[in-house]
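Contents: one structure, followed by commentary.
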Amino acid sequence: MPLYALRHGATPTGGFRGRLDDELTSEGWAQMHAGLIDAPAWQAIVSSPLKRCRLFAEQLASQLDLPLTLDEQLRELDFGQWEGRSASDLLADPAHADALSRFWQDPYQHPPSGGENLHAFEQRVIDAWQRHSQAAQQHTVLLVCHAGVIRQLLRLAKREPRSALMQAMVEHGSLHAIPLFAPHSH
23 MPLYALRHGA
33 TPTGGFRGRL
43 DDELTSEGWA
53 QMHAGLIDAP
63 AWQAIVSSPL
73 KRCRLFAEQL
83 ASQLDLPLTL
93 DEQLRELDFG
103 QWEGRSASDL
113 LADPAHADAL
123 SRFWQDPYQH
133 PPSGGENLHA
143 FEQRVIDAWQ
153 RHSQAAQQHT
163 VLLVCHAGVI
173 RQLLRLAKRE
183 PRSALMQAMV
193 EHGSLHAIPL
203 FAPHSH
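This note's numbering numbers the first residue of the sequence shown as 23 and each following residue consecutively.
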């Protein structure tokens, strides 16, 4: 069975949210509910502990009477000095414009200033994947998490190079079926 990953919905402010602990807007709640239309029946839910994921996961787990596990390893990438800033703001700032462009082209070689190392982020996502994919062999598991985590899982499942990390479209409230795979980092 695939493991499913649902991206959180919109937050009051956009931009790079990373470790910031925002709640969802009413639009964000609606996006997440819409993402689950025609979804399979879950047997377990695992969520990032950040409020934009956790509060929805708690409500869904309660509504469906399912076990909920919070997993720190499903947190979003820490964007360092870019936290709370939008891409357009960074592109207009000469101190960050080139760095942001380089990050989009090759985040492993050009991580956000003061942010999380992409190799460490990848390993964190792989560690979470290994734990939760074992459960998914018997149950349909929903991960409620972040765009960066989902992009990393999709890249790993498709065996794409690290340079492809930023290419997957992962919209607010989007649901992604991630086929079970044996982790391999390149």
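Don't be surprised by glycine CBs; every beta carbon is placed ideally from N, CA and C.
This structure is a prediction, so every number in the text was calculated from the model and none was measured.
Per DSSP, the continuous alpha helix (DSSP H) segment holding S110 begins and ends at 109–113. Each of L86, S135, S110 was checked against the Cα of L58, and the nearest Cα belongs to L86. Between L197 and W64, the C-beta spacing is not below 8 angstroms.
Here the stretch 159–174 does not lie against the stretch 116–124, with fewer than 3 beta-carbon pairs under 8 angstroms apart.
The stretch 91–106 makes no contact with the stretch 48–62; the number of CB pairs closer than 8 angstroms stays below 3.
Looking at the DSSP output, H198 sits in a beta bridge with A27. As a beta-bridge residue in DSSP terms, A66 pairs with V163. Residues of the same chain with a CB within less than 7 angstroms of the CB of A56, apart from the 5 flanking positions on each side, are G195 in chain order.
Sorting A199, R146, D44 by C-alpha distance to the C-alpha of C75 places D44 at the top.
Contact check for Q103 and P134: beta-carbon distance about 7 angstroms, within the 8 angstroms limit, so the pair qualifies. Using a Cβ distance threshold of 8 angstroms, L25 and I200 count as a contacting pair. A residue is called buried when at least 16 other Cβ atoms come within 10 angstroms of its Cβ; W126 does not meet this threshold and is exposed. Short of 6 angstroms from the beta carbon of L202, and not among the five residues preceding or following it, lie these beta carbons of its own chain, in chain order: S155. Under a 10 Å Cβ-count criterion, E138 is classified as buried, with 16 or more other Cβ atoms of the shown protein chains found around its own Cβ. When DSSP reads this structure, L90 sits in a beta bridge with I67. The C-alpha of G50 lies about 4 angstroms from the C-alpha of A32.
The alpha-carbon separation between A83 and L28 amounts to approximately 14 angstroms.
Per DSSP, S48 is one residue of the alpha helix (DSSP H) stretching across 48–57. Note on geometry: alpha-carbon atoms of V68 and A79 lie some 8 angstroms from one another.
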